[in-house]
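*Asks:*
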Amino acid sequence: MLAKIDTIEREIFARRDQKKASVLRKKVNTHLQIAGLSRADRLNILRNINEYVAAEDDEFMWLNLLQELWESPWFESRLIILQLLFLQHHRVDTNIWDALDLWTDDIDTWVLADWLGHIRGIVNKKAPYLSMRMAAWLRSEKSLRRRSALVSLTYLSPENGELSLILKPQETLAFLEPIVSEKHGEVIPALAWLLNFIKTLSPEAFGIYYENIQHDLHPSVRDFLTIPAAHS
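Here our numbering is used: position 81 in the sequence shown is 72, and no number is missing along the way.
#1: First and last residue of the beta strand (DSSP E) that includes Y146?
#2: Hey, W128 and R138: beta-carbon distance below 7 Å or not?
#3: Just the Cα atoms here: how many angstroms apart are I199 and K190?
#4: Measure the Cβ-Cβ separation of L107 and L91 and say whether it is below 7 Å.
#5: Mind checking whether I40 and L75 have CB atoms under 7 Å apart?
#6: Which two residues bound the contiguous beta strand (DSSP E) that contains L156?
#7: Might you give, ordered along the chain, the residues of its own chain that have their beta carbon closer than 8 Å to the beta carbon of G27, omitting 5 neighbours on each side?
#8: Alpha carbon to alpha carbon, how far is H175 from N55?
#9: So is T100 buried or exposed if we call it buried at 16+ other beta carbons inside 10 Å?
#10: Ignore the nearest five residues each way along the sequence and tell me which others in E168's own chain have a CB closer than 6 Å to its CB.
#11: If you draw a straight line from the alpha carbon of L121 to that of L73, how long is it in whole angstroms?
#12: Note down the Cα distance separating E173 from A140, rounded to an integer number of angstroms.
#13: Within its chain, find whatever has a CB closer than 7 Å to the CB of F166; leave out the 5 residues flanking it on each side and keep chain order.
#14: How many angstroms separate the CA atom of E0 from the CA atom of L208?
#15: Out of T95, E50, F66, which one is the CA nearest neighbour of H81?
#16: Pick helix, strand or coil for Q24, following the three-state DSSP scheme.
#17: In the DSSP assignment, what residue or residues form a beta bridge with W88?
#18: Using the Cβ count rule (16 or more neighbours within 10 Å means buried), how would you classify T95?
#19: Below 8 Å on the Cβ atoms is my contact criterion, and I expect L192 with L164 to pass it. Report the Cβ-Cβ distance as a whole number of Å.
#20: With F66 and T(-2) assumed to form a contact (beta carbons below 8 Å), what rounded beta-carbon distance in angstroms separates them?
#21: Exposed or buried, what is F197 when buried is set at 16 or more other beta-carbons lying within 10 Å of its beta-carbon?
#22: Work out the CA separation of S68 and L(-7) for me, nearest whole Å.
#23: How many angstroms separate the CA atom of S63 from the CA atom of D214?
#24: Would you decide whether H206 is buried or exposed? Buried here means 16 or more other CB atoms lie within 10 Å of its CB.
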C-alpha cells in the first residue's frame, strides 16, 4: 500500500509544471505544494488509482489508502482522492463520515471545501438524517466548513452530473437561517449559488423566502439573485 502511495506521489512530482502551478496557486490560494498538473495528467493518475482500488475489498485498507494520500503535501493528491471517492461513490457511506469531518478541518482552499461538500452530499443522499448535522456546521467559526456545509445540502449525481437537493426546498431554506447574513468572501459565492439553485427549482417557495430575508443578504448575493435570466 505504502509503495503504491509513493508511486502516486512520484507521478505527481514527475509531471509538475511550474508555470501552471503558479497560475493555479493564485486561483486556489493554498499552503499545500502545487504541481500544476494538466487536466490530462491528473485524469491519467486518477484512472490508474481507480483501477488499482477497484478490486480492493478490504475496508480498512481502502480507508488507509485515502488517509495516506490525504496526508500528502501535494494539493493534487488531495483533489485526486476526492475525485476518486466520486468515482467510487458506491463505497461512500456513513463509514467515511468521520474522515470527511476531519479533512474539512484540514483545508485552506475553497476547491477542496466544495469537493468535500459533494462527497458528503453522496453520504447525505444515502442517509438523509445526516443532513441535520449541517445546521451546526453552518454556525461554525470556520468559513470553509460553512461553505462545505452549503454544498453538502445538494447531491451531484456521479452517474449523470445532475444536481438536486437532499431535502425539500422549504426544508433547505429553513437550514439557511444562521447564514443568510454571511459576509465572508469564501462563503458568499456558495450561498448565492445554493439560493439561485433553489430559486430555479421552486420559484414560489424561494419568492416567499426572499421577501423575508432579502435585506439580510450581502449585496453581492442580492445582485446575483436578481440578475435577469438570459433569453435566447
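We treat Cβ as the ideally placed atom computed from N, Cα and C, and that holds for glycine.
For clarity, every value in this text was computed on a predicted model and none was experimentally measured.
*Replies:* In brief:
#1: Annotation for Y146: the continuous beta strand (DSSP E) segment containing it runs 145 to 147.
#2: No, the Cβ-Cβ distance between W128 and R138 is not below 7 Å.
#3: The straight-line gap separating the alpha-carbon atoms of I199 and K190 is approximately 10 Å.
#4: Contact check for L107 against L91 passes: the beta carbons are separated by less than 7 Å.
#5: Yes, the pair counts as a contact, with Cβ atoms nearer than the cut-off.
#6: Run containing L156: 154 to 156, per the beta strand (DSSP E) assignment.
#7: Counting only Cβ-Cβ distances below 8 Å, and skipping sequence neighbours, we find R7, D8, Q9, K10, K11, A12, S13, V14, L15.
#8: Cα atoms of H175 and N55: separation of roughly 34 Å, rounded to the nearest angstrom.
#9: So T100 counts as buried.
#10: None.
#11: About 19 Å.
#12: Cα-Cα distance, rounded: 13 Å.
#13: Counting only residues of its own chain and dropping the five nearest sequence neighbours on each side, F166 has a CB closer than 7 Å to the CB of M125, A126, L129, L144.
#14: Going by the C-alpha atoms only, they are around 43 Å apart.
#15: Looking at the Cα atoms, E50 is the closest of the given residues.
#16: Residue state for Q24 is assigned as strand, using DSSP reduced to three classes.
#17: W88 pairs with nothing; no bridge assigned.
#18: Classification for T95: buried.
#19: Actually they do not touch by this definition, with Cβ atoms about 11 Å apart.
#20: Wrong, their Cβ atoms sit about 18 Å apart, outside the cutoff.
#21: Burial call: buried.
#22: Model confidence at L(-7) stands at a pLDDT of 48, short of 50, so the residue's coordinates are unreliable and nothing is read from them.
#23: Rounded to whole angstroms, S63 to D214 spans 40 Å at the Cα level.
#24: H206 should be labelled exposed.
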